[in-house]
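Notes to accompany the following structure.
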Amino acid sequence: MNVKNQKNIIKNSLLAAILIGSLLSVVGAASAATPDDWPMFHHDAMHTGVSSTAPATSDHLLWNFTTGAPVGASATVVDGKVYVSSDDGTVYCLNAADGAQVWTYSLPHRTAISSSIAVADNYVYFGSYDKNIYCLDASTGAKVWNYTTGNSVQSSPAVSNGHVYVGSWDGSLYCLDAVTGQKVWSYATGGLVDSSPAVADNRVYFGSADKSVYCLDADSGAKIWSYATGNTIQSSPAVVNGFVYIGSHDNNVYCLNALNGEKVWSYQEEGLVDSSPAVANGYVYIGSGVLDSNVDKNVYCLNASTGEKVWSYQTFDGVYSSPAVVGGYVYVGGWDGNLYCLNATDGKNLWVYTTQHSISASPAVSNGVVYVTSWDHNIYALGTLNTNQSANGIENWIIPIVAAVAVVVLAVAIISVRRKQSSKAHPS
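Residues in the sequence shown are numbered from 3 upward in steps of one, following this note's numbering.
Written out as C-alpha cells, the structure is:
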C-alpha cells in the first residue's frame, strides 16, 4: 500500500471517530437535561411546575423509602436517581426504579433540611437550618463546597447559567458561583426569604417576609422593581410568558407584569397562600391554606390571563403543597396526608393516595411515576415506570453501542495499515 492510501485510511478512520464522538456528545448533552428529569423545585428555573414527561396515571405504589424524620422538602429526579432531603439532616440519593439507596450525606450536626434539592451538571445544591448552602457531587455524595449565610436557609435553590440563587432567613437573596461556591452578589430585603427564586430572561424573581415581590438583575443583583402585597410571602413565583404568578399570606394570588412589576390581576382566596403556582396551557393551578380560623382547603384553577376561577377542588385540610402539571393531570399534596391526582381541565378527582401524615412538599413527576414526600418520614413512588426507557435514560444503551462501534472502526483501520506495512516489509 502506498503512503497516500495509508493516509486516506487513517483520515477516513479519524473522520469516523470524530463523527461518532460528536454523536456521543449530543447524546451526553441530551442526558444532562432530558424530558424525564425534574431537576429542581417546581421542575425548572422558571418554576413552572410543568413537565413533558409521561404522567403517572395510577396510584399504584412502586416503592417507599423511610428516612429518619419528617420530610418537608420536595424530591428531585435526574438521570434515573431521586434526590431528597429530610429533617434528619441527611440527603438521600435513591434509585428511581426501585428506591434502593445509592448514597447518603449527613450534616455534621444533623440540622434539619427543608430546602428542596437542585441538581445541575452533576452537582447537588441545597440549604440547611445550619445557615449553610451546600454543594455535593451528585455521583458520590461527597461535599464539594459550602457557603455560610447569616441564618437558616429553607429556600430551595434555583440553578441557571452557572449560578445558584437562594434565599436565607437573614433577609438576603444570594447568587453564588455554581462551581466554586464563591459569592457573586447578595441583595438584602426587609424580611426573611423563604421563597425559592425563579430565574427568567436574566432576571431573578422572589418574595420576602417584608411583604414584597422583588425582581433583580441576575448578573449584578441590582433591583429592577418591587411590588408590595398585604402580608408575608413564602410562596415561590412562576414566570411564564412575561408574567409573574405568586401567592401571599394576604390570601391573594397575584399576576404581575414581569418587565415592570405592575399588577395585571389578583384573585382572593379564603386562606393564606403558601402554595406556589403551576402554570400550564393558559391556566394557573395553586392551593390555599389556613389563616387564623379560616381554612380554605381548596386547589384552584384560574385563567392565567384574567384571574377568573375555572374550577376548585376541596380537600380535607389546607393545601401548602405546590401543584405539578403533567399531561393533563394535576398532582398536589394536602395537609390531610393525601396526594391528589386531578383532571387539569375540570378538576375531577382521578385518584387519591393516602400517607400517614401531612404533605407540604410538591410532587415531582418523571417517566410515568410521581414522587412525593410526607411528614410520615417517607418518600413514595406511585404509578407505572415506563419500561420503554431505562431508569437511567436512553443513553445507558446508546452510549456503549456507539462507543463499541468507534473502537471497532479504529481497530480495523490500525490493523489494516499494520498488515499492509508488514506485507511490504516482508515480501513473499
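We put the beta carbon where it would ideally sit given N, CA and C, even for glycine. Keep in mind that this is a model prediction, so the values were computed, not measured.
Item	Value
Enumerate in chain order the residues of its own chain whose CB-to-CB distance from SER368 is below 6 angstroms, with the five nearest sequence positions on each side excluded.	ASP38, TRP40, THR55, VAL79
What's the gap between the Cα of THR151 and the Cα of TYR94?	23 angstroms
According to DSSP, is LYS145 helix, strand or coil?	strand
Looking at the structure shown, is GLY336 part of a helix, part of a strand, or coil, going by DSSP?	coil
Would you call the CB atoms of GLY70 and SER116 closer than 9 angstroms?	no
To the nearest angstrom, report how far apart GLY53 and VAL84 are at their CA atoms.	The sequence given here has Ser at residue 53, not Gly. When rounded, the distance between both Cα atoms is 16 angstroms.
Who are THR150's beta bridge partners in DSSP?	ASN134
Measure the C-alpha to C-alpha separation of ASP196 and ASN134 and round it to an integer number of angstroms.	14 angstroms
On the CB-based measure, 16 or more other CB atoms within 10 Å of its CB, does ALA224 come out buried or exposed?	exposed
Could I get the ranges of all uninterrupted beta strand (DSSP E) runs contained in the segment 303 to 387, with 3 residues as the minimum, in chain order?	311 to 316, 326 to 328, 331 to 335, 340 to 345, 351 to 356, 366 to 368, 371 to 375, 380 to 385
Could you spell out the range, first to last residue, of the beta strand (DSSP E) harbouring ILE119?	From DSSP, ILE119 is part of no beta strand (DSSP E); its letter is neither H nor E.
Please classify LYS265: does DSSP put it in a helix, a strand, or coil?	strand
Roughly how many angstroms lie between the CA atoms of LEU96 and HIS379, to the nearest whole one?	15 angstroms
Taking only the alpha-carbon atoms, compute the straight-line gap between VAL246 and GLN316 and give it to the nearest angstrom.	25 angstroms
Since MET48 and VAL201 should fall inside the 8 angstroms C-beta cutoff, what is the C-beta to C-beta distance between them, to a whole number of angstroms?	7 angstroms
Give the straight-line distance between the Cα atoms of TYR342 and ASP348, rounded to the nearest whole angstrom.	14 angstroms
With distance defined between alpha-carbon atoms, name the residue in TYR229, GLN156, TRP313, SER188 nearest to GLY91.	GLN156
Specify the secondary structure class of ARG112 as computed by DSSP and reduced to three states.	coil
Can you grab the Cα-Cα spacing for the pair ASP298 / GLY291, in whole Å?	6 angstroms
Identify the continuous beta strand (DSSP E) that holds GLY249 and give its terminal residues.	245 to 249
Taking only three categories from DSSP, how would you classify HIS44?	coil
Looking at TYR287 and LEU274, is the spacing between their C-beta atoms short of 9 angstroms?	no
So what does DSSP say about GLY179, is it helix, strand or coil?	According to the sequence displayed, residue 179 carries Asp and not Gly. It is a strand residue.
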